[in-house]
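Peer 1: Can you read through this structure? Questions will come right after.
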Amino acid sequence: MCNYEVQELVDFLMEISLVGKKSRLRIKFCKIAFQRLEELEEDKRRLIDDFCEKDENGKPKTVEEGNNKYIKLRDEESYKREYMELMNEEFIIEETNERKEMFDLIRDLILNTETEFNGNTALLHDRWCEIVES
Numbered sequence: 057m058c059n060y061e062v063q064e065l066v067d068f069l070m071e072i073s074l075v076g077k078k079s080r081l082r083i084k085f086c087k088i089a090f091q092r093l094e095e096l097e098e099d100k101r102r103l104i105d106d107f108c109e110k111d112e113n114g115k116p117k118t119v120e121e122g123n124n125k126y127i128k129l130r131d132e133e134s135y136k137r138e139y140m141e142l143m144n145e146e147f148i149i150e151e152t153n154e155r156k157e158m159f160d161l162i163r164d165l166i167l168n169t170e171t172e173f174n175g176n177t178a179l180l181h182d183r184w185c186e187i188v189e190s
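Numbering-wise (our numbering), the sequence shown opens with residue 57 and increments by one.
Next comes the structure, spelled out in structure tokens:
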């Protein structure tokens with residue numbers, strides 16, 4: 057799955073009511089995903105730091121538009137390109153013997169959910185099915 061897909065999958069999994077071992081296995085998977093999300097946030101902060109204009113104190117310069125405040129970028133196109141590359145990077149959780157049961161549960165939760173989907177959520181669910189089936 058790509059980095060931009062991680063949060064939505066975690067949100068979906070966390071909405072499912074589970075107890076006991078199934079709940080623990082789901083949380084184990086989500087903890088791995090949370091760690092990736094934390095790394096992703098750090099990568100985004102570094103990207104902003106790399107591309108922002110800085111004041112004399114080395115702090116990012118900001119621009120105000122109405123009630124909104126934005127960080128001023130030196131090269132917005134390059135930033136957007138790097139950001140898109142980061143968000144489209146593959147996030148792979150290695151399937152080892154010790155994680156097999158966890159992956160089997162996640163696969164089952166996604167493929168056999170009784171949740172009804174429509175619109176964009178249906179497209180997301182279809183993508184999650186593709187991920188766990190591959």
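Note that the Cβ used here is the ideal one computed from N, Cα and C, for glycine as well.
(1) Under three-state DSSP, which class holds Val119?
(2) Look up Lys128 in the DSSP assignment and say whether it is helix, strand or coil.
(3) Which residue comes first and which comes last in the alpha helix (DSSP H) that contains Phe85?
(4) Going by beta carbon distance, what residues of the same chain come within less than 7 Å of Cys86, once the five residues before and after it are set aside?
(5) With a threshold of 8 Å, are at least 3 pairs of Cβ atoms found where one atom belongs to the region 91-104 and the other to the region 125-145?
(6) In chain order, which beta strand (DSSP E) runs of at least 3 residues are fully inside the region 125-189?
Peer 2: Result, derived from the coordinates:
(1) strand
(2) coil
(3) Gly76 to Phe107
(4) Val66, Leu69 and Met70
(5) yes
(6) none
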